[in-house]
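J.: Below is the structure I would like to discuss, written out as structure tokens.
Chains as they are written, first to last, in this note's numbering: chain X, 1 to 115; chain S, 116 to 233.
Shown next, in the form of structure tokens:
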């Protein structure tokens, strides 16, 4: 079945540092890929998405490129802020209709940015 | 404002008791989902519903039940058969198949319910 693997956290950074969170996936066909962010005590919010190979999703300074050849969707930000402290989830949706468009999530990576 | 509302924010269950978590959305979305989140882990799908009066089991449905009598409501009951119910429960919704390319629609999440066992 489909699966998503993320690097384990926590990731602790200083403000203005470069952030990378690795994400690889296993899926049949060409899934859509997502990054969601969860702030403390809240639900998840969509951060960015990509729907086909070589697409780049971007939002709020974050970027991720859909790499079919390496089955990866790594999240990057060039200069993090304290407000970026959160848990980040990589996820995919199977293109197979029978799968019901369910999202499969990775385990989440906690990011802590210190001033 | 349109959105998805979960209640209560915190819920306590006594042993042998059934409890129901509420999820309401006013986004006119067809599809709704329940996920369970355990500390330090990802989200696991409990149940989902793509249309009113229909729902399917997710990956960890045992010990849970749902209903979808109205489009805007998808309550989750945690039964006494669920032996390890302590977790953060998240409800989500999306427009649904047929309305647009469903695979790239985003999920809208509620703010979650923390369930603990007394």
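Cβ coordinates follow ideal geometry from the N, Cα and C atoms, glycine included.
From residue 125 of chain S to residue 106 of chain X, what does the alpha carbon distance come to, in whole angstroms?
T.: Within the second chain, residue 125 of chain S is the residue found at index 10, counting from 1. Within the first chain, residue 106 of chain X is the residue found at index 106, counting from 1. It is roughly 25 Å from the alpha-carbon of residue 125 of chain S to the alpha-carbon of residue 106 of chain X.
J.: Secondary structure at residue 84 of chain X, three-state DSSP: helix, strand or coil?
T.: Residue 84 of chain X sits at position 84 when you count from the first residue of the first chain. In this structure, residue 84 of chain X counts as helix in the three-state DSSP scheme.
J.: Which ranges does the beta strand (DSSP E) cover as unbroken runs of at least 3 residues, wholly within the region 140–220 of chain S, from first to last along the chain?
T.: Here the runs fully enclosed are 146–152, 158–166, 169–172, 179–181, 191–193 and 202–209.
J.: Going by C-alpha distance, which of S:138, S:127 and S:177 is nearest residue 226 of chain S?
T.: As a position in the second chain, residue 226 of chain S is number 111, starting the count at 1. When each option's Cα is compared against that of residue 226 of chain S, the closest is S:138.
J.: For residue 77 of chain X, does the three-state DSSP call read helix, strand or coil?
T.: Taking the first chain and counting its residues from 1, the one referred to as residue 77 of chain X is at position 77. DSSP places residue 77 of chain X in strand when its eight states are reduced to three.
J.: Buried or exposed: residue 69 of chain X, going by 16 or more other Cβ atoms within 10 Å of its Cβ?
T.: For this step, residue 69 of chain X is matched to residue 69 along the first chain. Per the 10 Å Cβ criterion, exposed.
J.: How big is the Cα-Cα spacing for residue 9 of chain X and residue 86 of chain X?
T.: The residue labelled residue 9 of chain X in the question sits at position 9 within the first chain. The residue labelled residue 86 of chain X in the question sits at position 86 within the first chain. Answer to the nearest angstrom: the Cα atoms are 11 Å apart.
J.: Among the candidates X:66, X:50, X:42 and X:84, whose CA atom is the shortest distance from the CA of residue 12 of chain X?
T.: Taking the first residue of the first chain as position 1, residue 12 of chain X is located at position 12. That would be X:84, whose Cα lies nearest to the Cα of residue 12 of chain X.
J.: Please list, in chain order, the chain S residues whose beta carbon lies closer than 9 Å to that of residue 43 of chain X.
T.: Counted from its first residue, the first chain places residue 43 of chain X at position 43. Residues of chain S passing the Cβ test: 119, 121, 205, 206, 207, 223, 224, 225, 226 and 227.
J.: Would residue 36 of chain X pass as an interface residue toward chain S - the criterion being a Cβ-Cβ separation below 9 Å?
T.: For the purposes of this step, residue 36 of chain X is taken as the residue at position 36 of the first chain. By this cut-off, residue 36 of chain X is an interface position.
J.: For chain X, is any of its Cβ atoms less than 9 Å away from the one on residue 133 of chain S?
T.: Locating residue 133 of chain S in the second chain gives position 18, counting from the first residue. Not one chain X Cβ lies under 9 Å of residue 133 of chain S.
J.: In its own chain, which residues sit with a C-beta less than 7 Å from the C-beta of residue 36 of chain X, not counting the 5 before and 5 after it?
T.: For this step, residue 36 of chain X is matched to residue 36 along the first chain. Residues of the same chain with a CB within less than 7 Å of the CB of residue 36 of chain X, apart from the 5 flanking positions on each side, are 44, 45, 46, 47, 89 and 91 in chain order.
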